[in-house]
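What follows is one structure encoded as structure tokens, with my remarks underneath.
In my numbering, the protein residues as written are 334 to 599.
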């Protein structure tokens, strides 16, 4: 190879390195911008699909709330709970007495959870609809936004949040949107149904046979952790999705000194 040819090759290699470095720097700057607190990613906002904007904006808050509630027995701020691995796990069936069966604490567990989720996500809902309004206005639209009710439903295989907001946008034409839905794929409905069944057994007989549930539902894992104070922690897990729901019960408890160790049924 001639000396001139070697120079050209080296120069070409240096140019390639500079190009790669420039691309990495630009990517890093963009990443830092979008990871700043309070920055909302609205790239690709479709003016004809405001529901998609709301779905993207709210779904993380909805998922975080569902995960929190699922780890704490159905409440955002449990009042009567047992602490286990830093989780405040609410008693869904409880008695302070020994040898007595427990009383159900949340007879309408599903409805209670729906209400808890509604109240917890309301601030995020307000912020996201304000961001939606601002996005339209920044593109020259005249916008009328009328707030409405927030309704959350636990349904088979999903959690659905419905917002009865009315959005009217005007530019060349006028468009009106009367309701918005955010859907989270989550099996909380099924897990809560099984939890209710276990609670019925606890309140009636003081215990529940978890292997029956796993035999009937092969995709379900039930962990039963007996605590030294007579409490029992149940952890229900969907083996396919990893969705969990855990809660506590204290029923037919024995006085201290009987040597009940913490065990798990898998």
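In this text, a Cβ means the ideal position worked out from N, Cα and C, and glycines have one as well.
query: May I ask which residues mark the beginning and end of the beta strand (DSSP E) holding residue 488?; result: 483-488
query: Tell me whether residue 519 sits in a helix, a strand or coil according to DSSP, three-state version.; result: coil
query: By alpha-carbon positions, which one of 529, 571, 408, 523 ends up nearest to residue 426?; result: 529
query: What span of residues does the alpha helix (DSSP H) with residue 564 cover, start to end?; result: Careful: residue 564 lies outside any alpha helix (DSSP H), inside the beta strand (DSSP E) at 564-571.
query: Which residues in the same chain have their Cβ closer than 6 Å to the Cβ of residue 479, if we skip the five residues on either side of it in sequence?; result: 499
query: Using 8 Å as the cut-off, can you tell me whether the segment 382-396 makes contact with the segment 464-482, which would need three or more C-beta pairs spanning the two stretches below that distance?; result: yes
query: Nearest CA to the CA of residue 503: which residue from 554, 539, 475?; result: 475
query: From which residue to which residue does the alpha helix (DSSP H) around residue 555 run?; result: Here residue 555 belongs to no alpha helix (DSSP H); instead the beta strand (DSSP E) covers 553-559.
query: Considering only C-alpha positions, which residue in the set 487, 441, 508, 464 is nearest to residue 389?; result: 464
query: How about residue 577 and residue 403: are their beta carbons less than 8 Å apart?; result: yes
query: Classify residue 455: buried if its beta carbon has 16 or more other beta carbons within 10 angstroms, exposed otherwise.; result: exposed
query: If you measure between the beta carbons of residue 540 and residue 572, is that distance less than 8 Å?; result: no
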